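Everything in the sequence shown is counted per the numbering used here, starting at 83 for the first residue and increasing by one. Where is the CB? At the ideal position from N, CA and C, for every residue including glycine. In this text the structure is predicted, and so the values were computed from the model without any measurement. Read through the structure below, which is laid out as structure tokens, and then see the notes.
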Amino acid sequence: MSSRRLDAWCTGLTVLGGTLAALSLVDGGNLIAQIQAGAPVLAMLGLVLTGALLLRRRWIRAGVALVSSLVLLVPAITLPGDPPAPGGDTLSVLAFNTYVGQGDPDALMAEVRAREVDVLVLPEMTAAYWQSLVDRGIRDLLPHATGRTGGGRGMVVATREESTCVALPTGMTCGEVVIDESSEPYVLNRAGDPTFDQVVVRLPDGTLVKGVHLWSPRLSPGVRWREQQAEMAQWIADQQGEELLVLAGDFNAGRSHPAFREYSAGFDDSPRGAFPWTRTWPKWGPIGPLTQIDHVLARGRRAAESTTLRIPGSDHDAVWSLLTR
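Here is the structure:
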């Protein structure tokens, strides 16, 4: 390739990088949301481009590429939490998208036992997967479970201590897992819009826990991603009087999305501290996760320990946080 043609390619890529960086700051629809989800990966490619431009002494273009890369990368970078205070009150929270019941139940149960989980949030619950957990003793460890099976729309929240239900979708019963064999990918809310099941319970110490599964920007109708992010923001605004609040699950959004950054402000967001950034999805074959869309958000508590957990069978890593106050 000639030097002139190489320069043209570098110029084009620099302009593209600047455009992507600008898009990362826009609170847009599903297509922009998908681009934003890949922002950290795009940033790493931008850093490679920066190095190539520096070698060719293209200082201005290198500077543009570097700034664009940092705009894309910095929101995704987080630092580890501080160690827990001795004797402090702790809450062990684990959330795992089962990938429509394809996650390994033995691996999940091993993590529940090893981490002495107090709250377990399971989006995309199926009847067969719930039964496999029951067969492996989930009721002995976390006897208080509320939710409904039903494939991609299913959700179960199980707790060690007895919890009371605050908000349940139509058709659910507090303290029970309703077995629904339907394979329908979503349910309709009261307004007639497609959605996934979400469960809100209160623990004995007053902590309000919301099991989260929000619409993906890859699904149709695309407008539902932005609507559900706005609905989450409004729900959080409505809980201003709640001192102890935990939201856990699959948000289908992360720190690369302006909408998520806005409504998660003031919360402790975990897991964090992985290098070069925390990643939970997608996990396909040998390709590791690229972005973080699974979270534990806490108000009134902070994550003293947190990590992602590789559970075979799912396209998501599980997320675990030991919350203290």
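Anticipated Cβ contact below 8 Å, residue i with residue j, distance rounded
{"i": "residue 405", "j": "residue 172", "result": "7 Å"}
{"i": "residue 246", "j": "residue 283", "result": "7 Å"}
{"i": "residue 343", "j": "residue 122", "result": "With 8 Å as the limit, residue 343 and residue 122 do not qualify as a contact, their Cβ atoms being about 14 Å apart."}
{"i": "residue 218", "j": "residue 187", "result": "6 Å"}
Euclidean distance between Cα positions of residue i and residue j
{"i": "residue 333", "j": "residue 295", "result": "6 Å"}
{"i": "residue 115", "j": "residue 190", "result": "30 Å"}
{"i": "residue 352", "j": "residue 87", "result": "45 Å"}
{"i": "residue 104", "j": "residue 91", "result": "20 Å"}
{"i": "residue 316", "j": "residue 194", "result": "32 Å"}
{"i": "residue 292", "j": "residue 254", "result": "15 Å"}
{"i": "residue 244", "j": "residue 256", "result": "11 Å"}
{"i": "residue 265", "j": "residue 399", "result": "23 Å"}
{"i": "residue 281", "j": "residue 141", "result": "53 Å"}
{"i": "residue 198", "j": "residue 309", "result": "36 Å"}
{"i": "residue 365", "j": "residue 117", "result": "18 Å"}
{"i": "residue 320", "j": "residue 137", "result": "53 Å"}
{"i": "residue 127", "j": "residue 372", "result": "13 Å"}
{"i": "residue 184", "j": "residue 214", "result": "11 Å"}
{"i": "residue 408", "j": "residue 301", "result": "Only positions 83 to 407 of the chain appear in this structure, which leaves residue 408 out of reach."}
CB of residue i within 8 Å of CB of residue j, strictly
{"i": "residue 288", "j": "residue 329", "result": "no"}
{"i": "residue 370", "j": "residue 361", "result": "yes"}
{"i": "residue 102", "j": "residue 152", "result": "no"}
{"i": "residue 227", "j": "residue 263", "result": "no"}
{"i": "residue 229", "j": "residue 206", "result": "no"}
{"i": "residue 259", "j": "residue 231", "result": "yes"}
{"i": "residue 341", "j": "residue 322", "result": "no"}
{"i": "residue 181", "j": "residue 397", "result": "yes"}
{"i": "residue 318", "j": "residue 345", "result": "yes"}
{"i": "residue 275", "j": "residue 237", "result": "no"}
{"i": "residue 363", "j": "residue 159", "result": "no"}
{"i": "residue 135", "j": "residue 144", "result": "yes"}
Residues near residue i in its chain [Cβ-Cβ closer than 6 Å; skip 5 each side]
{"i": "residue 202", "result": "176, 224, 240"}
{"i": "residue 112", "result": "299, 304, 307"}
{"i": "residue 290", "result": "284, 324, 327"}
Beta-carbon proximity list for residue i, same chain, < 8 Å, skipping 5 on both sides
{"i": "residue 146", "result": "96, 99, 100"}
{"i": "residue 250", "result": "228, 256, 281, 282"}
7 Å Cβ shell around residue i - same chain, five flanking residues per side excluded
{"i": "residue 165", "result": "386"}
{"i": "residue 179", "result": "205, 206, 332, 376, 396, 398"}
Checklist entry - Three or more C-beta pairs closer than 8 Å, one from the segment 93-100 and one from the segment 129-139: is that the case here? => result yes
Checklist entry - With contact counted as at least three CB pairs below 8 Å, one residue from each stretch, are the segment 341-352 and the segment 375-391 in contact? => result yes
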